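Asker:
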Amino acid sequence: MAAYNTIAFHADRCDGCGDCMTACARAKTASDSPRRARLQVLADGAGSFGLAMCRQCADPECVPNCPAAALRKNTETGIIEWDQAKCVNCLLCTVGCSYAGIVLDEVAGHVVKCDQCGGDPACVRTCGNGALEYLSTARIYNEVGALEDLFVPGLAGCQGCNTELLMRHTLRRVGPDTVLAAPPGCVPGMGAVGYNGMTGTKVPVFHPLLTNTAAMLAGVKRVYKRKGREVTALALAGDGGAADVGFQSLSGAAERGEEMLFLVIDNEGYMNTGMQRSSCTPYGAWTTTTPVGRESLGKSQDAKNLPLLMVGHRCAYVATASTAFMTDFYAKLDNALQASKRGFAYLHVYSPCTTGWRFPPRKNIEVARKAVESNFVVLWEYTPEAGLKLTHPVDDPAPVKEYLEALGKYRHLTSEQIAHIEHHIVANVAAVKQQASAQP
Amino acid sequence: MLKSEITQIMVMERTDYLIAGASHAALAAMHAIRLVDADGSLTVVGRDRKLPYSPTALPYVVSGRSDSNLVFLRDDAYFALARTSYRCGHALVRVEPANRIAELDDGSRLQFGKLLLATGARPVIPSIPGFEAVPYHVLRTLDDALRLRAELPRTRHAIVLGAGLIGMHAAENLSKSGARVTIIELQGQVLPGYFDAEAAAIIAGAFERDGHVTIHTDTRVIAAEAGPQGVVLRLQGGPPVTGDLLLVGAGVAPVVDFLSGSGIRCDRGILVDASMRTSVEGIWAAGDVAQAASFYDARPVLNGILPNAVEQGRIAGMDMAGDRTLQGYRGAVPLNTYSYFGRHAVSVGSATAPPGAEIIVRSDADAERYLKIILDEGRLHGIFAINTPLDAGVMWQLVRRRTDLTPLRDRFLAQPREAGRALMSRLWR
Amino acid sequence: MYEMRLHGRGGQGTVLAATILAAAIVAEEKFAVAIPSFGFERRGAPVAAYVRMDTREIRRMTNIYRPDCICCIDPTVSGSIDIFDGIRPGSTLVQATGKTIDELRRPQTVTTVGLCDAVPIALALFGRAITNTIMLGAFARTTGLVALGSLERALEESEFRDAGLEQNMRALRRGYEETVVHDFSSEAAA
Amino acid sequence: MSAAAPERGFLVCDGNEAAALAVALARVDMVAVYPITPQSSLVEYLAKFVADGRLQAELVDAEGEHSVLSVLQGAALAGARTFTATSGPGLAFMFEPYLRTPGMRLPIVMSIVTRDTLTPQSVWGGHQDAMSVRETGWVQMYCETVQEVLDTVIMAYRVAERHDVMLPVNVCHDGNYLSYGTARVELPDQDVVDTFLGAPDVNWHAALDPERPMAVDPLTGGAGGAGPALFVRYRRGQCAGMRHALDAIREAHEEWGRLTGRYHAPLIERYRMDDAEYSIVTLGSMTGAAKDAVDGARERGRRVGLVKVKTFRPFPAVAVAEALRGHGAFGVVDRSVDFAWSCGPLYREVLTALHGITPAAPSQSFIGGLSGADLTVEQFESVIETVRHLRDPGPRDTVWLNAQE
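Chains as they are written, first to last, in the numbering used here: chain A, 50 to 489; chain B, 3 to 431; chain C, 367 to 556; chain D, 800 to 1204.
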């Protein structure tokens, strides 16, 4: 079962110009008439614009409503294909579709629907506002899904664990010629390094100290390089082990340009050992060592911006990522992997923790997305050559209150604390942007 | 129990899911079951000795629009992939709910865990004196269609009994193949139940103009006989009609005769609840054979249309497999789409306006355009259109969701398609 | 066993001189051990180094408290510390100084004195008052315990290279040549 | 600096350079370095050897000792022969990965250029650093001479990499006296060292190698499961490795002697013990002065002997007991402190080795040479005199040498 690419519609960026419809009509009908386009943008009556377009449903209703077997979900591409040779023009498919995604083209005299232009949709190309986006995340999922999962099944992560997804996908991509370091934290905690003599992965894996991950990996990598063997040195570390007690070895390895990919899964604390504070824990957050009581209300300091510190090391590559933006993550993973063959590559992934942050597992990706959309975390990429670039600028951020309210660890926040966080977000974005404006 | 009986039971074939029927409801149920239960054994028994196909496609086989080899909805590979045993050419002849045994027409007995009755309907043959002696066609199976198609070239004057969808399609096909066609309809209009009289008149007009079809509505056949020129039908209050081909399209009736003695409650069809369960535990029914609550007044109704069969089949399958995401059947809504002589007609909802309903009609007979909207307390009750584009699926949702259109009333009445899309975009996209 | 103590100041190469001397003696198929004294190696601070030499294997790795010889490569350090501490009767002093023998303070126990005005030589050769190799030449001339040739070879095998080696070879030879030896043993005997 | 040509087969150098030369001769694959007094010149030599191509190893200038040893662990797990050196506070900072090295059975060789531990502040010699880590599972050998430093570093690889040992080895040489003490050192031919050591064989048992994936050091479970038993298996394995190390050290010293003509005592050295009526026990570079003192006492008619302990971990208890048994009173001179009994750690170790031997000999602990202090021939003479007068077995106060201002 494959995952599929999709055309996403960002209503907030649509100004209703209709260029997409013209482009579609030109591409599909050799006419300029927007009425003949296979997507229809229209005012939704509430001040913004809606879209009628085939969603290429996973379990489509139009297909079983066709009496002539003229519609078919292509399981390779995900496109619902219409076969003119079989279509009997009965329009029953339009009854099945609740989204006006397959409609009668009166001029053509038959139903028409979006086919995503074979992977390069004309509408997306035309839209100047970024309201239409061709999401190729699925292509990446398929590619990665076809690769071997190098962790054993049945890791004992918490329900809905973001980290497990992240590490499985990462290792699939990085591949089997890898030595994996998993310092104490959730990654080994769920069994990745094995248990009682058993192993949790299909690649060589070890459990460094919380303090020496980068150093041990450097030793491994140097020896293989000396032997002329192409082996990727990969760390899957938590924020505590990277930003706090492991920072020295991280900093040293980065300064020496040791060739490795150091991926930090930032769940804002020591979640494996019972949710204690780390220097990446944000201001105001409840943890078991920054409790909420009469005298204090969560952490009283702001989080350390570890990825920006890594930029200060002029690493071969530094980037931040989020599991809510997997296309972005995969692009960065690829870049980081390449960079790790010539220097120190650092990838910082913001990873909500359903257990430690107190929210329902099903909201994991939503929480990750809200963090980005409120600028609570900022996605960017850095190389010494190109400098720092924002990869997902959020110019009109959502109120951070919505993000904070989704998480139990912020339930106690006072309005003053929320104001502090809002202020910090502004300052942090400014700091990142200042880096971005600096010449490399 | 005798030893031989015990042996028989022991060797009896068993299937977790048995689906009787192989058309839209059956296939939708099978799909729904497999989404949840990948392992349970599944058997589909179809009357016809063919891969599944849709009766709805048959008029197009008759016309030649559809290649009879390409109308099949599934192939063997699909059943293999779904690990489903597809037994075609067999019908259920008996169901023993107590033992959960179904008997097929070859005498074999199948023990089932759960049974779906999606046996569909068969054509109704009117009880007209002399009818049993005249040759006539029906159109329910692929063989029917191929037989009818074979007759087209040599048919000069065809009589179509019944102006439902089957009859109208056939009339169009016969007309296009060069035959003179006479349609005889008992009720006062063509396509009763789907379109109101005014719309029906527009449609009928197209038949008369473009197809030179003669339409007798409000007309009862009182006798039939075979004559030298073919079949002669005597009409009440009119001259007899003679044709060298007679097609009976006088409606269909659920196939329920094999259920006698089973204890499964039937009215005109098999009575089912919102989960498509019959009165007997472990047995479901869906599609043309099922009689479920009407959307409008909860009366059990037959709603023999394709989208309804798909929906009921899916609901039955989900319930059979224990899919916890199941939402119950929201009731039968009449709906259809119809293309004829290059025109298009859509009907969604009930054409019977309740008391106090607001009825808006825009009609342009010359342009053959028609639009009728029935609003009941600001909510869409039914919408009917000819040559006026509508998103039928969106309209169906508006009906079923009982969406209050009041805030958009004027826009909806002016541009129902655009307003519908705006509502869709806001409410459920 | 012959024990000597070198005195100098940090930066003058006192410890290195001890090592080169040990190497030269070893090259003569004798045994030698050199040990620096331990202090913070601050430039200008008094520094000492110890050299033992013998015809048998030397086992003790200790400081020297009863030296047979003091080699003082800095003219002023004797003003800061007592370079003669623990000195044996009949011992030797090799001193870098511009003073005459009469101007020099000399304990009675010292019966042989080699004087070398090393600083001007060093300034002429190096432009800095680095006197260590000059004073090795002075030691060889004063005591005769090591051949000048052995010191030359030890220098060649040390870290000195090219111009630096050439300068130090000249320093060694000038130290050897420009040292004046005074013998007071008859005095002591009397 | 080395003040003689290696081509002649010998040179004059200090112990830090001797150790670095041994590393080059052992064809070590990786060295990781971080400077600390009195070890600094050792790693400077290593860096220079690498820069000159004399040592064709990966050089990692790590940002601290903690990473130094961590880098080497990674390298060893990838198959490299490795080396580093440290002292005092550096060893303390290295402690976390240091503790773990024996458990991972990595044959890393590390020189401890011994230094007293803080506090009070001291950058000078003393055995306290090495003694502080004596229960961590590393092999420890203490050198007496500069020559022994060179030879022992080479032999350490043979011991560490022996399959029935597979333990890390500390070669301890005294800060100041051996780190900077300069003497003639015989330089073995490269061929001899190559023959003696063979190719590195360091990760046949535990590897981080994609060609044979395994989990190195996975978690062990808590009480009730298979975990504790597994843990015990590891620990007992370490103990077995330690026991085998005694034999491996003996075998390495014999073979080295056969190849080079230089026989060093592997576990302990008995010096003039045959007819000794009492004795002193020493460790490290103090031994030379002690031997001179023994010779002097013998000349004065004292029937004194000396036992030098070279291998402190594993402790050669049987050899020590056999050496001292029947030879009367003994004094043990330590360059560090055992806070359990306020005596010297070697003293306590020797007493333990003699436990159960009757009649119990009178003995005394002497502590001297702390913080760079010298241990002179004269001091050993006084130690010998003190021991000569010991009568009854049993506890007595430790004698602190160098106690006077």
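Where a beta carbon is used, it is the ideal one built from N, C-alpha and C, also for glycine. Model, not experiment: these values are computed from the prediction.
If you measure beta-carbon to beta-carbon, which residues of the region 312-341 of chain A are closer than 8 Å to chain B?
Answerer: So nothing in the stretch comes that close.
Asker: Against chain D, does residue 408 of chain C count as a neighbour if the rule is that its beta carbon must be under 8 Å from one of theirs?
Answerer: Start at 1 with the first residue of the third sequence, and residue 408 of chain C comes out as number 42. No, residue 408 of chain C does not count as interfacial toward chain D.
Asker: Look up residue 366 of chain A in the DSSP assignment and give the residues it is bridged to.
Answerer: As a working note, residue 366 of chain A is residue 317 in the first sequence. Residue 366 of chain A is bridged to A:394.
Asker: With 8 Å set as the bound, which would you pick, yes or no: does the beta-carbon of residue 50 of chain B sit closer than that to a beta-carbon of chain A?
Answerer: By 1-based counting over the second sequence, the position of residue 50 of chain B is 48. So, not an interface residue.
Asker: Hey, does residue 61 of chain A have any beta-carbon neighbour from chain B nearer than 8 Å?
Answerer: The count along the first sequence starts at 1 and reaches residue 61 of chain A at position 12. Chain B, which has no Cβ nearer than 8 Å to the Cβ of residue 61 of chain A, makes this no.
Asker: DSSP three-state call for residue 123 of chain B: helix, strand or coil?
Answerer: Numbered from 1 along the second sequence, position 121 holds the residue referred to as residue 123 of chain B. Looking at residue 123 of chain B - three-state DSSP - the assignment turns out to be strand.
Asker: Spatial neighbours of residue 467 of chain A within its chain, please: C-beta separation below 6 Å, excluding the five flanking residues on both sides.
Answerer: If you number the first sequence from 1, residue 467 of chain A lands on position 418. Same-chain partners within the cutoff: there are none.
Asker: By how many angstroms is the C-alpha of residue 399 of chain C removed from the C-alpha of residue 418 of chain C?
Answerer: Along the third sequence, one-based indexing puts residue 418 of chain C at 52. Along the third sequence, one-based indexing puts residue 399 of chain C at 33. Whole-angstrom Cα-Cα distance: 5 Å.
Asker: Could you compute how far the alpha carbon of residue 80 of chain B sits from the alpha carbon of residue 128 of chain A?
Answerer: Your numbering for residue 80 of chain B matches position 78 in the second sequence. Your numbering for residue 128 of chain A matches position 79 in the first sequence. One C-alpha to the other measures close to 19 Å.
Asker: Any idea what DSSP makes of residue 1087 of chain D, helix, strand or coil?
Answerer: The residue labelled residue 1087 of chain D in the question sits at position 288 within the fourth sequence. DSSP places residue 1087 of chain D in helix when its eight states are reduced to three.
Asker: Compare the Cα-Cα distances from residue 296 of chain A to each of A:407, A:358, A:376 and report the closest residue.
Answerer: Sequence index remark: in the first sequence, residue 296 of chain A carries index 247 (1-based). Looking at the Cα atoms, A:358 is the closest of the given residues.
Asker: Taking Cβ-Cβ distances shorter than 9 Å, what residues in chain D pair up with residue 395 of chain A?
Answerer: Looking up residue 395 of chain A in the first sequence gives position 346. Within chain D, no residue comes near residue 395 of chain A; the closest Cβ sits about 16 Å away, beyond 9 Å.
Asker: Please list, in chain order, all residues of the same chain as residue 163 of chain B whose beta carbon is under 6 Å from its beta carbon, the five residues on each side excluded.
Answerer: Sequence index remark: in the second sequence, residue 163 of chain B carries index 161 (1-based). 186, 250, 252, listed in sequence order.
Asker: CB-CB under 6 Å to residue 551 of chain C, same chain, minus the five flanking residues each way: which ones, in chain order?
Answerer: As a working note, residue 551 of chain C is residue 185 in the third sequence. Result list for residue 551 of chain C: 477, in chain order.
Asker: Roughly how many angstroms separate the alpha carbons of residue 55 of chain B and residue 222 of chain B, rounded to a whole number?
Answerer: To locate residue 55 of chain B, count along the second sequence from 1; it is residue 53. To locate residue 222 of chain B, count along the second sequence from 1; it is residue 220. About 33 Å.
Asker: With a threshold of 7 Å on Cβ separation, who are the neighbours of residue 471 of chain C within its own chain once the five nearest residues in sequence on each side are excluded?
Answerer: The count along the third sequence starts at 1 and reaches residue 471 of chain C at position 105. The answer is none, since no qualifying residue turns up.
Asker: By alpha-carbon positions, which one of D:983, D:1011, D:964 ends up nearest to residue 226 of chain A?
Answerer: Translated into the one-based positions of the first sequence, residue 226 of chain A becomes position 177. When each option's Cα is compared against that of residue 226 of chain A, the closest is D:1011.
Asker: Quick one: Cα of residue 137 of chain B to Cα of residue 172 of chain B, how far?
Answerer: Here the question's residue 137 of chain B lines up with position 135 in the second sequence. Here the question's residue 172 of chain B lines up with position 170 in the second sequence. Cα to Cα, the separation comes out at about 17 Å.
Asker: Are the C-beta of residue 397 of chain C and some C-beta of chain D separated by less than 8 Å?
Answerer: Start at 1 with the first residue of the third sequence, and residue 397 of chain C comes out as number 31. Residue 397 of chain C counts as touching chain D.
Asker: I want to verify the contact list: residues of chain A whose CB lies under 8 Å from the CB of residue 1016 of chain D, in sequence order.
Answerer: Your numbering for residue 1016 of chain D matches position 217 in the fourth sequence. In chain order: 242, 255, 256.
Asker: For residue 1133 of chain D, report the span of its beta strand (DSSP E) as first-last.
Answerer: As a position in the fourth sequence, residue 1133 of chain D is number 334, starting the count at 1. Its beta strand (DSSP E) spans residues 1128-1133.
Asker: Pull up the distance between the alpha-carbon of residue 336 of chain B and that of residue 374 of chain B, whole angstroms please.
Answerer: Taking the second sequence and counting its residues from 1, one reaches residue 336 of chain B at position 334. Taking the second sequence and counting its residues from 1, one reaches residue 374 of chain B at position 372. So the two alpha carbons sit approximately 15 Å from each other.
Asker: Would you call the CB atoms of residue 1002 of chain D and residue 875 of chain D closer than 8 Å?
Answerer: For the purposes of this step, residue 1002 of chain D is taken as the residue at position 203 of the fourth sequence. For the purposes of this step, residue 875 of chain D is taken as the residue at position 76 of the fourth sequence. Yes, these two residues count as a Cβ contact at 8 Å.
Asker: What span of residues does the alpha helix (DSSP H) with residue 435 of chain B cover, start to end?
Answerer: In the structure as shown, chain B starts at 3 and stops at 431, and residue 435 of chain B therefore has no counterpart that could be examined.
Asker: Compare the Cα-Cα distances from residue 295 of chain B to each of B:36, B:188, B:331, B:399 and report the closest residue.
Answerer: Numbered from its first residue, the second sequence carries residue 295 of chain B at position 293. Out of B:36, B:188, B:331, B:399, B:331 has the C-alpha closest to the C-alpha of residue 295 of chain B.
Asker: Identify, in the order they occur along the chain, each residue of the same chain with its Cβ nearer than 7 Å to the Cβ of residue 199 of chain A, setting aside the five sequence neighbours on each side.
Answerer: Numbered from its first residue, the first sequence carries residue 199 of chain A at position 150. Cβ neighbours of residue 199 of chain A beyond the five flanking positions: 220, 221, 225, 250, 251, 252.
Asker: Within 8 Å, do at least three Cβ pairs link the region 224-244 of chain A to the region 1006-1023 of chain D?
Answerer: Result yes; three or more Cβ-Cβ pairs closer than 8 Å.
Asker: Taking 8 Å as the CB-CB limit, is residue 18 of chain B close to chain A?
Answerer: Walking along the second sequence from the start, residue 18 of chain B turns up at place 16. Not one chain A Cβ lies under 8 Å of residue 18 of chain B.
Asker: Per DSSP, what are the beta-bridge partners of residue 435 of chain C in this structure?
Answerer: As a first step, residue 435 of chain C must be located in the third sequence, where it is residue number 69. DSSP lists C:370, C:458 as partners of residue 435 of chain C.
Asker: Within the region 850-916 of chain D, note down every full alpha helix (DSSP H) run reaching 4 residues or more, in order along the chain.
Answerer: Here the runs fully enclosed are 864-876, 887-892, 894-902.
Asker: Roughly how many angstroms lie between the CA atoms of residue 404 of chain B and residue 193 of chain B, to the nearest whole one?
Answerer: By 1-based counting over the second sequence, the position of residue 404 of chain B is 402. By 1-based counting over the second sequence, the position of residue 193 of chain B is 191. Rounded to the nearest angstrom, the two C-alpha atoms are 26 Å apart.
Asker: What does residue 73 of chain B touch in chain A if you count any residue whose Cβ is under 7 Å from its own?
Answerer: Here residue 73 of chain B corresponds to residue number 71 of the second sequence, with the count starting at 1. Near residue 73 of chain B (Cβ distances below 7 Å), the residues of chain A are 117, 118.
Asker: Closer than 8 Å, Cβ to any Cβ of chain C: which residues of the region 1087-1110 of chain D, in chain order?
Answerer: If the cut-off is 8 Å between Cβ atoms, the region 1087-1110 of chain D has 1087, 1088, 1090, 1091 near chain C.
Asker: Where residue 802 of chain D and residue 405 of chain C are concerned, what is the direct C-alpha to C-alpha distance, given to the nearest angstrom?
Answerer: To locate residue 802 of chain D, count along the fourth sequence from 1; it is residue 3. To locate residue 405 of chain C, count along the third sequence from 1; it is residue 39. Reliability fails at residue 802 of chain D, whose pLDDT of 46 lies under 50, so the model's placement of it is uncertain and the value that follows must be treated cautiously. Approximately 23 Å between the Cα atoms of the pair.
Asker: So residue 975 of chain D contacts chain C; which residues on that side make the cut at Cβ distance below 7 Å?
Answerer: As a first step, residue 975 of chain D is located in the fourth sequence; it is residue number 176 there, counting from the start. The answer, in chain order, is 404.
Asker: Would you say residue 409 of chain A reaches chain B, if we count a Cβ-Cβ gap shorter than 8 Å as a contact?
Answerer: The count along the first sequence starts at 1 and reaches residue 409 of chain A at position 360. No, residue 409 of chain A does not count as interfacial toward chain B.
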